[in-house]
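Residue 339 in the working numbering sits at position 334 of the sequence shown, with consecutive numbering throughout.
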Amino acid sequence: MNIQTSPGISRQELMRAAREDAYAMPIEDFHPGAPQLFRNDTLWPYFERLRNEEPVHFCATSPVGAYWSVTKYNDIMHVDTNAGIFSSDLSLGGIMLRDPEPEYMWPSFIVMDEPQHGPQRKAVAPMFAPAHLDELAVAIRTRTADVLDRLPRNETFNFVDRVSVELTTQMLAALFDFPWADRRKLTRWSDVATSLPKSGVFESEAQRRAELAECGDYFARLWNERVNAAPRSDLISMMAHSDATRRMDRANFLGNIILLIVGGNDTTRNSMTGSVLALSENPEQFEKLRDDHSLIDSFVPEVIRWQTPLAHMRRTALQDTELGGKHIKKGDRVVMWYVSGNRDSEVIDDADSFIIDRAQPRRHLSFGFGIHRCLGMRLAELQLKIVWEEILKRFDAIEVVDEPKRVYSNFVRGYETLPVRINA
Ligand code: HEM
C-alpha cells in the first residue's frame, strides 16, 4: 500500500499499479486507512477486495493502532444504528480512526452518546428545519449568483478557491451571523482543525494550537455579545439561549463550534468540487443534465454518494459483539467506511458508475444513519441544488483542465485544487 504519485506516472498507470498491489498483498496486511491512498485516489481496489473477501477486516498494526474496517453497506448500517453497542464517546476515542490528541479533547455533540447527545443536538436543530431553510435559500441564491458572475472567462482558475470555498464559507458565516469581512477565518480554522500533521496545512503544533485558541477567543466574544441580547436565529445565539448548551464549559463550547464549522465546510465544499469533476469524467451525464434541468434533484444526492465527503466515521465497541462472523471485543475500534459502502453493488445498482438519474439516488451512506445522522444534510443539498441551477443558467460548460490535487486525509475526502476554465 505504497503507491506513490510521481510526475511521470499517468493516472491510468497509477490505478493499474494500485490494482496489482491490492490483489497481490496478503489481505491481513491491509491498512485501508493509509492517507496516501486517499491523496492519490487509489483506495478503490483495496476496498473492492475487502468487500468481496473480508468485509469486516482487522488491521492489527498500523501507525495509528489496530482497528476493524466495516466495508459493506448493510454492516455499516448495523453499526451506525446501534449506538448502544458502538459508541461515539470522545473519551473512548471519538469518531475518527486516529485517536484524538489529548490536548484537543473538545467534546461536541457528535462525540457524545445519549443522554448527553440529544439535548445539545436539539439546541441547534431549528437552524436546519424546512421553514428556516426556505428563508436561507433566498440569500444563498443571491450570493451564489454573485460568485458565479464574477468568475473569469477564457482563463484557468482554481474552482475550489473561487467557488466551493467561497460559497460554503459564505453559507457558514450566515449560519453563525459571523462578521462578514473575517469569514475566511472560518475556512482556515476548519482546515487547521481537521488536517493531519503531515498535510502541510500548518507548520508546527504550536502554530496549530495558537490558531485554534484564536478561534476560541473570537467565538467567545461573539457568545458574550449574544448571551446578553435577545435570542436570534443564528447558531451562537441558539446555543447561548438553550438550557442544554448555555452552561457549556470552554472545551464543550469550542468542540461544538468546530463541529458546526467543519460539518458545514469541508463536506459541502468538496461535494461542490466533486460535482464538477464527476460531470467532467462522465460527459454523457453532463449532457443529460444540460438537456433536462429537473434532473438536478437526483443529480445532487448522486454527487454526494459519489464523492462521499467524509470517508469514514469510527466507533468504539462498548461490549463484545459479532459482525460479519467476526468477534469484536469491548474497547475495539470499529471504522465504518462510508466510501466503501457507497460502492457496494449488492445494495446500489452499478455502484461504481456515476448516474444522475438513478431510481433511488438517496440510497447512500454519506450522511450516516441513526442518532448522529447529519443535521445539515438538507442545507447541503439545497446549496448544491442552487449552485447547479445557477451554473446551468449561465455557462455551457465548466472545463476541467488538469487533475485535481486531493487532500491528504482518510477522513475528509476532498480537493485542494481543481483547475478549470469557462469559455466565453
Ligand atoms: C454534503 C455535505 C455533508 C455531508 C456528506 C455530511 C456528513 C455527515 C456525517 C457522515 C455525519 C455523521 C453521521 C453519523 O455518525 O452517523 C454528520 C453529522 C453532522 N453534520 Fe453533516 N455533512 C454534510 C453537511 C453538513 C452541513 C452543511 C452541516 C451544518 C452546517 C452539517 C452538520 C453536521 C452536524 C452538526 C453533525 C452531528 C450530528 C449529531 O451528532 O447528531 N453537516 N454529517
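For each residue, glycine too, the CB sits at the ideal point set by N, CA and C.
Put Phe374 into one of helix, strand or coil per three-state DSSP.
coil
For Pro424, does the three-state DSSP call read helix, strand or coil?
strand
How is Phe63 classed by DSSP in three states: helix, strand or coil?
strand
Any idea which residues DSSP pairs Val322 with across the strands?
It is Ala, not Val, that sits at residue 322 in the sequence shown. DSSP lists Phe91 as partners of Ala322.
Straight-line Cα distance separating Trp311 from Leu282
In a straight line, the C-alpha of Leu282 is about 11 Å away from that of Trp311.
Residue of Ser345, Arg146, Glu108 minimising C-alpha distance to Gly260
Of the listed residues, the one whose Cα sits closest to Gly260 is Glu108.
One or two residues paired with Val232 in a DSSP bridge
Answer by DSSP bridge pairing: none, since Val232 is not bridged.
Between the C-alpha atoms of Pro157 and Asn428, what's the straight-line distance to the nearest angstrom?
Cα-Cα distance, rounded: 9 Å.
Assuming Val84 and Val339 form a contact by the criterion Cβ under 8 Å, report the distance between their Cβ atoms to the nearest whole angstrom.
6 Å
Closest to Asp325 by CA distance: which of Pro314, Met318, Asp337 is it?
Asp337
Heavy atom of the ligand HEM less than 6 Å from the Cβ of Ile115, yes or no?
yes
If contacts are defined as beta-carbon pairs under 8 Å, then Pro40 and Asn415 qualify, I think. What distance do you get, rounded to the angstrom?
Yes, they are in contact, since the Cβ atoms of Pro40 and Asn415 sit about 5 Å apart, within 8 Å.
Can you list, in chain order, the residues of its chain with a C-beta nearer than 7 Å to that of Gly329? Leave out the 5 residues immediately preceding and following it.
Cβ neighbours of Gly329 beyond the five flanking positions: Pro60, Val61, Asp80.
Rounded to a whole number of angstroms, what is the C-alpha to C-alpha distance between Pro50 and Ser371?
Using only the alpha carbons, I get a separation of about 20 Å.
Give every residue of the same chain whose Cβ lies closer than 6 Å to the Cβ of Trp111, excluding the five residues on either side of it in the sequence, and list them in chain order.
Ala256, Leu259, Gly260
Within 10 angstroms of the Cβ of Glu33, are there 16 or more other Cβ atoms? Answer buried if so, exposed if not.
With a 10 Å radius around the Cβ and a threshold of 16 neighbouring Cβ atoms, Glu33 comes out exposed.
Let me know if Glu307 comes out buried or exposed under the rule of 16 or more other beta-carbons within 10 Å of its beta-carbon.
buried
Curious, which full-length alpha helix (DSSP H) runs of at least 4 residues does the region 41-85 contain?
49-58, 78-85
For chain D, check one thing: does any of its Cβ atoms lie closer than 7 Å to the Cβ of Trp185?
Reference to chain D is not applicable here, since this structure consists of a single protein chain.
Heavy atom of the ligand HEM less than 6 Å from the Cβ of Pro157, yes or no?
no
If distances are taken between C-alpha atoms only, which option among Cys64, Pro68, Asp362 comes closest to Val75?
Cys64
Which of the three DSSP states, helix, strand or coil, is assigned to Val340?
Taken through DSSP and simplified to helix, strand or coil, Val340 comes out as strand.
Which of the three DSSP states is assigned to Ile241 in this structure?
helix
Roughly how many angstroms lie between the CA atoms of Arg56 and Thr313, to the nearest whole one?
Those two C-alpha atoms are separated by around 17 Å.
Buried or exposed: Asn229, going by 16 or more other Cβ atoms within 10 Å of its Cβ?
exposed
Find the nearest neighbour of Gly89 within the set Ala364, Arg411, Lys335, judged by alpha-carbon distance.
If we check each option's Cα against that of Gly89, Lys335 comes out closest.
Exposed or buried, which one is Asn275 when buried takes at least 16 other CB atoms within 10 Å?
buried
Phe162 bridges to which residues according to DSSP?
Val425
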